[in-house]
Amino acid sequence: MMRLFLGFSVSRWWSIILKEFLQLRRDRLTFAMIIGIPIVQLTLFGYAINNDPKHMPTAIISADHSEITRTVIAAMKMSEYFEIIGELPDEEAGRSALAQGRVQFVLNIPPGFTRNVLRGERPALLLEADATDPTATAMALGAVTQIARSVSAKDLTGPLAHLAGGRDPFEVRVHRLYNPEGITRYNIVPGLMGVILTLMMVLMTGLAITRERERGTMENLLAMPVKPIEVMTGKIVPYIAIGLTQATIILLAALLLFRIPFAGSIIMLYCATLLFVAANLTVGITLSSLARNQLQAMQMTMFYFLPNMLLSGFMFPFQGMPQWAQCVGNLLPLTYFNRLIRGIFLKGNGFWDLWPNLWPLMIFTLVVMTIAIRFYRKTLD
Amino acid sequence: MSDGYAIDVRNLSKRFGPKIAVDNISLQVARGEIFGFLGPNGSGKTTTIRMMCGLLNPDGGSGTCLGYDIIRDRELIKRHVGYMTQKFSFWEDLTIRENLDFVARMYDMPNRREAVDEAIQGLGLTDRAVQLAGALSGGWKQRLALAACMLHNPQLLLLDEPTAGVDPAARRDFWEELHRLSALGISVLVSTHYMDEAERCHKLAYIFNGKLLAHGSSREVVASQGLSSWAIHGENLSGLSEALRDQPGVEQTVLFGTALHVSGKDQELLERTLQTAVADRSLRLEKMDTTLEDVFIYLMSRSTPMDGDAS
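Protein chains in written order, with the numbering used here: chain A, 310 to 690; chain B, 10 to 320.
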C-alpha cells in the first residue's frame, strides 16, 4: 500500500485534476448532463410521479337520476380519486371507453336504484375498473367504501334516517377488468417490451451512424456512388430485424416464463411493434445526425430515454400524473405503445380499439423522419 | 474547354464560418499527368480535393472533373473518380476481401468476383484476404486503400496525403505504382508533404492559406521565384545562420544538417555578403541550384501568417 504512494507528486496530481476540468468544460454535452440529469430526475420524480394517483377519468352510465345518485357522484368527486368526465349511453360504450383507455372507471347506476334504496333493499352500484395497472386503481377502489357512508350521512336523514342506521344503504360492487387479480407483473412485463425497444433501437442506430462518421468511413461512403437514402435505409433495416427479434424474445418470455395472459392478436402485436420500432429508429437517426461522436449519441439517448421511462405510464400510472407531465408524456411514442401492448395482451383490443393509439405513433414517425432527412448530411459541409 | 483536362477548376472558394479555407483557386491537370498538390497542414488541400469530388459544395467558382461538372454531375464524378481519404477510411472490422467486395458492390460492378480476386492478387494478399483490415500495418492499409479506390477503374485518382506515416520502401513502391497508372493514361492528383515525392510529379501546385502561390513543373516553380542559392559547409553553421539572417541580400537561411542553404533574389549582393562572411573561417562556399524545398520555405515565409486551421 505504501509503495503506491511512494514519490507521489501533489503538483503532478493536481495538473491531472486541472486537465480533467478543462476537458469537461469543453465537452458541452457532458456538462449539460452533469446539470441536466439531476434537474430532470428531480422534476420527474418530485413532481410528476405519483404513487397515489388521483383524478382518474371516470364515466357514468346512469339509468336513474335522483338526489341520491347526484350525491353518489358528488361523493366520488369529493374523494379526489375520481374525475367525472361525462356520461355514456350504454354498457357497450362503457366497455369501449375502458378498452381504449379513455377512462379508468365506469360507474353503472342501474334503473330503479333510488327506489330500491328507499325501500331498504340495498341495491348495488357497479364500478368497472381498468385494472391493467393495479397501482392506478388500488387507492381509488379503497376509497369507494366511503361513498355509501357519505350518502347516508347527507340524504338519508329525517324520515329516512332508519335506512341510514346499521348497514350501508347500498353496496358498490367493484369489477376489476383485464387483470382481475391485480397482478403487477401482468402490467410490467408487456410494458418492458416498449422500454427495451426504446433503449436498444435509439442507441443502436445512433451508434451505427455516428460510428461511420467517427471512424472516417462516412467520407468514403459519401465519395462512392451510393445514394444517401440508400445509406440511411440500408443502415436501418438490420435494426428493424433486431427489434423484431427482441420483441419476439420478450413475447416468448412473457408467455412462457411469466405466464402473462394474451388476449389479443399476434399479428396486431407485430404490426404495432413494427410501427414502434420505426418511430424509435427515426429518433436514433436524428440523434446520430446531431451527435458528433458515439459518446454524444449515447448521452443523447439517455436524455431521450429518461422521460420515456418515467412519463409514459410504464412505471407510474399515466392518468395520475399532473397535467403538464401528461402533456410531455403525450409526445412520447412509448406512451402510446404501452397502451397498445397492454391493450393487446390484457384487453384483447382489436384494430379500432387500438387505433386511437396507433395514429399518434404514425404522426410521430412521419414528423421525426422529416426532421431526420432534413438534418441528414449529404456532403461533409 | 475541359476536353483536354482531367481536372479543370476555376476560382474555387470555400469558407467555414469566418475562415476562408480555399480562396479563388484555379488549376488544370492534364490527362495522364501526375499532379502534386503541396502546402502545409491546414492550407486547404483537403478542402479543394473534397470540392473536386463532390463531397463539399464550393461557395464560389466552377469546374469539371473528367469533363463532368463538379456541382451538377456529382453522381457521374463519383462513378469515374477514385478518391483516397487522408485517414484510412475502410472498415477495420471487415476483412480485406469483404472491404473490396463491398466497394465493388457500391459501384455495381458486373464482374465483381473477378475484380476482387484480381485486386487481392495484385496486392499479393491472397493468403491474407481473410484478415481484418484493421490488423494491417500502415503501409498495407495504404495499399489496400489504393486498390479499393482503383477497383472501379477510375480515370482520375484524387489521393489525399496517401503516404503520410508510411515507411520509405513502401512509399517508393507506391510511387512506382502511380507512375505505372499514369503511363496507362490515368490522371492523378496527389497531395503530399514530401519533397522527394513532389520531385516525382509532372506538375506541382503550392497552396498556402487557401491561396495558390505557385504552379507548374518543379523546374518552373523553382525558376518562378528567381532565387539564387549557396551552400555553406563547415562547423557551427547554426550560429552562422543566425548571423547571416539580417545581412544584405540574404532572404532565407535553411539549415540542412551538414550544409547551410542561403538564398536571395539579388545574386551579386548575396554573393558579396557570403564571401565576406566565410572569408577568414574554415568554411566552404558553393553555388548550388535552388531546391524545391528552399522555394517552398521561401513561399511560406513571404505569405501572410496563417490563422487557425482547416483542411
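Backbone N, C-alpha and C define an ideal beta-carbon position, used for all residues, glycine too.
Values in this document were obtained by computation on a predicted structure and should not be read as measured data.
Taken in chain order, the members of the stretch 516-541 of chain A whose beta-carbon sits within less than 7 Å of a beta-carbon on chain B are GLY525, THR526, GLU528, ASN529, LEU531, ALA532, MET533, PRO534 and VAL535. Bounds of the beta strand (DSSP E) holding ASP17/B are 14-25. Taking 7 Å as the upper bound on Cβ-Cβ separation, chain A lies near residues GLU84, LYS87, ARG88, TYR92, THR94, LYS96, SER98, PHE99 and TRP100 of the stretch 77-100 of chain B. Looking at ILE216/B, VAL259/B and LYS296/B, the one whose alpha-carbon comes closest to that of LEU308/B is ILE216/B.
Only those residues of the stretch 45-76 of chain B whose C-beta falls short of 8 Å from the nearest C-beta of chain A are listed: ARG59, CYS62, GLY63, LEU64, LEU65 and ASN66. Distance between PHE612/A and LEU338/A, taken at the CA atoms: about 10 Å.
Unbroken beta strand (DSSP E) stretches of 3 residues or longer found wholly inside the stretch 169-211 of chain B: 196-201, given in chain order. Taking the CA atoms as reference points, ARG209/B sits about 23 Å from GLY131/B. Taking ILE58/B as reference, the option from GLU127/B, GLY41/B and LEU166/B with the minimal CA-CA separation is LEU166/B. DSSP, read as helix, strand or coil, puts CYS62/B in coil. Within the same chain, ARG494 and VAL498 come within 8 Å of PHE567/A by CB-CB distance, once the 5 residues on both sides are set aside. With a cut-off of 8 Å on Cβ pairs, the stretch 210-229 of chain B is in contact with the stretch 40-59 of chain B, counting three or more such pairs. About 5 Å separates the CB atoms of ILE680/A and THR595/A; that is less than 8 Å, so the two are in contact.
Listed in chain order, the positions of the stretch 115-132 of chain B with a beta carbon within less than 7 Å of a beta carbon of chain A are MET115 and TYR116. Taking C-beta separations shorter than 7 Å and ignoring five residues to either side along the sequence, the partners of PRO631/A in its chain run TYR356 and ALA357, following chain order.
Secondary structure note for THR262/B: its beta strand (DSSP E) is the uninterrupted segment 261-265.
Between ALA588/A and LEU670/A, the C-beta spacing is below 7 Å.
The alpha-carbon of GLU244/B is positioned some 26 Å away from that of MET204/B. Assignment of LEU292/B by DSSP, reduced to helix, strand and coil, places it in the coil class. Its chain contains PHE414, VAL415, LEU416, ASN417, LEU450, VAL453, VAL481, ARG482, VAL483 and HIS484 as the residues whose beta carbon lies nearer than 8 Å to that of LEU436/A, once the 5 sequence neighbours on both sides are disregarded; these appear in chain order.
Residues THR172 of the same chain have their beta carbon placed closer than 6 Å to that of ARG180/B, with the five preceding and five following residues left out of the count.
Secondary structure note for SER621/A: it is in no beta strand (DSSP E), with a DSSP letter that is neither H nor E. A contact between stretches requires three or more CB pairs, one per stretch, nearer than 8 Å, and the stretch 557-564 of chain A fails this requirement with the stretch 116-127 of chain B. Bounds of any alpha helix (DSSP H) do not take in HIS270/B; it lies within the beta strand (DSSP E) bounded by 268-273. Straight-line measurement puts the Cα of TRP100/B at about 22 Å from the Cα of MET607/A. THR299/B places its beta carbon 7 Å or farther from that of SER227/B. In the same chain as ASP102/B, and ignoring 5 residues on each side of it, the C-beta atoms closer than 7 Å to its own belong to LEU141 and GLY143, in chain order.
Here the stretch 248-255 of chain B does not lie against the stretch 66-84 of chain B, with fewer than 3 beta-carbon pairs under 8 Å apart. The secondary-structure analysis by DSSP pairs PHE414/A across a beta bridge with THR367/A and ALA438/A. CYS74/B is bridged by DSSP to ILE16/B and TYR77/B. Taken atom to atom, the span from the alpha-carbon of GLY48/B to that of LEU193/B is near 28 Å.
Nearest to SER35/B by C-alpha distance, out of LEU64/B, PRO177/B and GLY70/B, is GLY70/B. Between the C-alpha atoms of ILE393/A and LEU578/A there is a straight-line separation of about 32 Å.
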